[in-house]
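Residue numbers (the working numbering), protein chains in the order written: chain Y, 142 to 695; chain B, 287 to 410.
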């Protein structure tokens, strides 16, 4: 702020000039060599008690003004620099700008212009900016992790660093115990689980239920239970703020702020609520996410394809590569069931593909796998199985469907007999001992969307070293290759399979998966599921019950 | 996705309604097709025919087929014949593998004439 214009300043230093100063709206002081006051107008003597002519400025005014006077005088003596430099500072509870001007006799006249209001506004603005920056930073830190524990720790740490000396995050009680997170001065957060009653601290129970916060002045710091005070905190707590952490519908906990020596101002309490609103939102997002991922995890345990192995003298191997790593359960599935009865050691293999993706597809997949499991006793009759499954899945309000292949597998002597039925699914392929690849001639309607379905079952025999491959169209439709957008295709799959004659089932699956992975490289693809059914080489001395591995000949 | 990947155009002449499909019919776009087809079915084409012209379709995944099956279910309930005109080879293969080709009336020689170029309504 520039000094008010138009105020006459004497350059003569004559006594009568003080009459002019006496009417000046601002405090005015004149000092002579040595910092001794020569003139003090009434406004100045009201402001600075003890300021009168003959008194040293340093004895009557704050140090900042005496220093500015001294500096200015030094500059005048040296004849260096400008002599306009003002100063500013506090006099009591008021802030002033001091503007000097030189009078003709070499004295310096100081005009004191009050700027307390501006100073306070600037300070408020700076505080507000700092708070906004803090809230932005807090939101960033809180939302960057969807982990509940990290979110609680961040809340306690941030609050203890910026809002109070110490902070405690109290989470909703679990099994009669209160989870607490203590932090002091932005340091490491200490987590604990305390068997305590939240009603021991007035206002805490209410905050945990999401009621509006109680004003800090109503909370007696002496009522603070010992478990609330952070370990190693030595100060005597004089002020407590308890703020709910509002969540989505239900409160996410409460934030308790502690301070020794001094009270929380109304403004600070409002600010604590702003912070708590952000922390609560982040906490409940983290909580929802944790719940979601727990559900997904639980579902996945049941829906992930099983590890296959040798059953009834037939080798089985399966591989599954979901479309997106974060959705580990997709629309493809396979299972091998023991379907034998009365000493008939046969297996039922099912490999399928459910339309859609994500959880929706996973739920439908689960339904199909459960239903088929229940229908295994009628595995001799694929048409009947598929008919019943179709009836179970038909739904009036959607047409989500599945395609699948059923394979009944039975080993007799050295060969494996297969009965295969496709329900709207790509036909199974068989690689013969000489590398020839045959398509199995089965064909049928997809399952779950149409009232009437039909299918044709085909039979084939695997001799030792031959493999039947069931796969989903994720393989044939995988896009990649040299140009990046070519489909892997059936022909390429057949060529790959023709090199797999005489390989164990595991190796066939690994080879096919590897070729497909190389084809798509990092590119996107749909779920890919594959099952190999292989008639093992009969070079083991069958000790022959078909269940044990037997001993191998050279 | 910045731009919609399925473009639908509705045309009608002589009571037959034709929905032209261009682009990608997949998880993200099949609901849109089902909704547009529903609107056409609600109007009740006087000639009792709904044509889906797939000539410009680049891709159709399982959810796309699911939408076609839903359209089939609704047209059947209303006694409307559902035609699939100019299906590209990949679509023929899909319908054949899934055993659903018979649900859609085969493309007649007049398929193109039943879809006149006169555009009544366009969406982007």
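Built from N, CA and C at the ideal position, the CB exists for glycine as well.
Selected residue, minimal CA-CA separation from residue i, among the options
i	options	result
residue 583 (chain Y)	Y:659, Y:200, Y:589 and Y:570	Y:570
residue 766 (chain Y)	Y:327, Y:567 and Y:673	Here chain Y covers residues 142 to 695 and nothing more, so residue 766 (chain Y) does not appear.
residue 358 (chain Y)	Y:184, Y:191, Y:403 and Y:624	Y:403
residue 176 (chain Y)	Y:320, Y:192, Y:622 and Y:559	Y:192
residue 367 (chain B)	B:388, B:344, B:383 and B:382	B:388
residue 333 (chain B)	B:391, B:301, B:317 and B:293	B:301
residue 165 (chain Y)	Y:207, Y:253, Y:237 and Y:418	Y:253
residue 300 (chain Y)	Y:335, Y:395 and Y:660	Y:395
residue 355 (chain B)	Y:678, Y:561 and Y:535	Y:535
residue 284 (chain Y)	Y:418, Y:167, Y:244 and Y:218	Y:418
residue 218 (chain Y)	Y:174, Y:198 and Y:235	Y:174
residue 383 (chain Y)	Y:669, Y:389 and Y:351	Y:351
residue 305 (chain Y)	Y:666, Y:338, Y:287 and Y:412	Y:412
residue 523 (chain Y)	Y:563, Y:269 and Y:555	Y:563
residue 430 (chain Y)	Y:603, Y:213, Y:287 and Y:184	Y:287
residue 546 (chain Y)	Y:619, Y:507 and Y:599	Y:599
residue 678 (chain Y)	Y:645, Y:505, Y:274 and Y:611	Y:645
residue 331 (chain B)	B:376, B:296 and B:372	B:296
residue 566 (chain Y)	Y:636, Y:487 and Y:671	Y:671
residue 294 (chain Y)	Y:548, Y:479 and Y:323	Y:323
residue 574 (chain Y)	Y:422, Y:378, Y:651 and Y:640	Y:640
residue 201 (chain Y)	Y:667, Y:594, Y:238 and Y:170	Y:170
residue 389 (chain Y)	Y:405, Y:425 and Y:366	Y:425
residue 386 (chain Y)	Y:405, Y:354, Y:237 and Y:372	Y:354
residue 379 (chain Y)	Y:197, Y:204 and Y:307	Y:307
residue 282 (chain Y)	Y:273, Y:290 and Y:296	Y:296
residue 421 (chain Y)	Y:279, Y:595 and Y:332	Y:279
residue 579 (chain Y)	Y:543, Y:593 and Y:609	Y:609
residue 291 (chain Y)	Y:270, Y:257, Y:258 and Y:329	Y:329
residue 400 (chain Y)	Y:246, Y:543 and Y:360	Y:360
Distance between beta carbons of residue j and residue i, contact taken as under 8 angstroms
i	j	result
residue 227 (chain Y)	residue 240 (chain Y)	5 angstroms
residue 291 (chain B)	residue 309 (chain B)	5 angstroms
residue 675 (chain Y)	residue 456 (chain Y)	4 angstroms
residue 550 (chain Y)	residue 559 (chain Y)	6 angstroms
residue 615 (chain Y)	residue 664 (chain Y)	Their Cβ separation, rounded to whole angstroms, is 13 angstroms, which puts residue 615 (chain Y) and residue 664 (chain Y) out of contact at 8 angstroms.
residue 313 (chain Y)	residue 266 (chain Y)	38 angstroms between Cβ atoms; not a contact.
residue 624 (chain Y)	residue 384 (chain B)	With a Cβ gap of about 28 angstroms, residue 624 (chain Y) and residue 384 (chain B) do not count as contacting.
Cα-Cα separation between residue i and residue j, rounded to whole angstroms
i	j	result
residue 303 (chain B)	residue 361 (chain B)	12 angstroms
residue 494 (chain Y)	residue 325 (chain B)	30 angstroms
residue 391 (chain Y)	residue 427 (chain Y)	13 angstroms
residue 320 (chain Y)	residue 310 (chain Y)	8 angstroms
residue 154 (chain Y)	residue 260 (chain Y)	With a pLDDT of 41 at residue 154 (chain Y), under the threshold of 50, the modelled position of that residue is not reliable, and the figure given next carries that caveat. Each residue's alpha carbon lies about 33 angstroms from the other.
residue 649 (chain Y)	residue 416 (chain Y)	58 angstroms
residue 358 (chain B)	residue 528 (chain Y)	20 angstroms
residue 432 (chain Y)	residue 509 (chain Y)	26 angstroms
residue 314 (chain B)	residue 477 (chain Y)	33 angstroms
residue 293 (chain B)	residue 346 (chain B)	13 angstroms
residue 255 (chain Y)	residue 262 (chain Y)	14 angstroms
residue 503 (chain Y)	residue 446 (chain Y)	11 angstroms
residue 232 (chain Y)	residue 423 (chain Y)	46 angstroms
residue 396 (chain B)	residue 548 (chain Y)	Annotation note: pLDDT 47 at residue 396 (chain B) (below 50); position unreliable, coordinate value reported separately. Distance between the alpha carbons of residue 396 (chain B) and residue 548 (chain Y): 43 angstroms.
residue 473 (chain Y)	residue 496 (chain Y)	9 angstroms
residue 643 (chain Y)	residue 607 (chain Y)	6 angstroms
residue 539 (chain Y)	residue 492 (chain Y)	23 angstroms
residue 379 (chain B)	residue 351 (chain B)	12 angstroms
residue 499 (chain Y)	residue 667 (chain Y)	12 angstroms
residue 183 (chain Y)	residue 168 (chain Y)	7 angstroms
residue 481 (chain Y)	residue 628 (chain Y)	39 angstroms
residue 364 (chain Y)	residue 206 (chain Y)	48 angstroms
**Item:** Proximal residues, the stretch 354-381 of chain B versus chain Y, C-beta separation under 7 angstroms
**Value:** 355, 356 and 359
**Prompt:** What residues from the stretch 293-326 of chain B come within 8 angstroms of chain Y, judged by C-beta to C-beta, listed N to C?
**Reply:** Going along the stretch 293-326 of chain B in chain order, one finds 313 with a Cβ nearer than 8 angstroms to chain Y.
**Request:** Could you tell me which uninterrupted beta strand (DSSP E) segments, each at least 3 residues in length, are contained entirely in the stretch 403-466 of chain Y, listed from first to last along the chain?
**Result:** 456-462
**Prompt:** Mind listing which residues of the stretch 527-553 of chain Y have their C-beta closer than 8 angstroms to chain B's C-betas, in chain order?
**Reply:** 539, 540, 541, 542 and 544
**Item:** 4-residue-minimum alpha helix (DSSP H) runs that sit fully inside the stretch 316-374 of chain Y, ordered along the chain
**Value:** 345-349
**Message:** Please give me, in chain order, every unbroken run of the beta strand (DSSP E) with length at least 3 that falls completely inside the stretch 595-665 of chain Y.
**Reply:** 596-603 and 608-612
**Every unbroken alpha helix (DSSP H) inside the stretch 477-541 of chain Y [4 residues or more]** = Within the stretch 477-541 of chain Y, the complete alpha helix (DSSP H) runs of at least 4 residues are 499-516 and 523-534.
**Item:** In chain order, each beta strand (DSSP E) run of at least 3 residues that lies wholly inside the stretch 179-264 of chain Y
**Value:** As far as the stretch 179-264 of chain Y is concerned, its whole beta strand (DSSP E) runs of at least 3 residues are 228-232, 235-243 and 249-255.
**Item:** Contact residues within the stretch 580-614 of chain Y, judged by C-beta distance below 9 angstroms to chain B
**Value:** 584, 585, 586, 587, 590, 591, 594, 595, 596 and 614
**Message:** Short of 9 angstroms Cβ to Cβ, which residues in the stretch 478-498 of chain Y face chain B?
**Reply:** 494, 495, 496, 497 and 498
**Request:** Can you give me, in chain order, the residues of the stretch 553-579 of chain Y that have a beta carbon less than 9 angstroms from any beta carbon in chain B?
**Result:** Cβ contacts with chain B come from 563, 564, 565, 566, 567 and 568.
**Asked** Using Cβ-Cβ distances below 8 angstroms, what residues of the stretch 326-356 of chain B are close to chain Y?
**Response** 347, 348, 349, 351, 352, 353, 355 and 356
**Request:** Run through the stretch 315-344 of chain B for me and flag every whole beta strand (DSSP E) of 3 or more residues, listed as ranges in chain order.
**Result:** none
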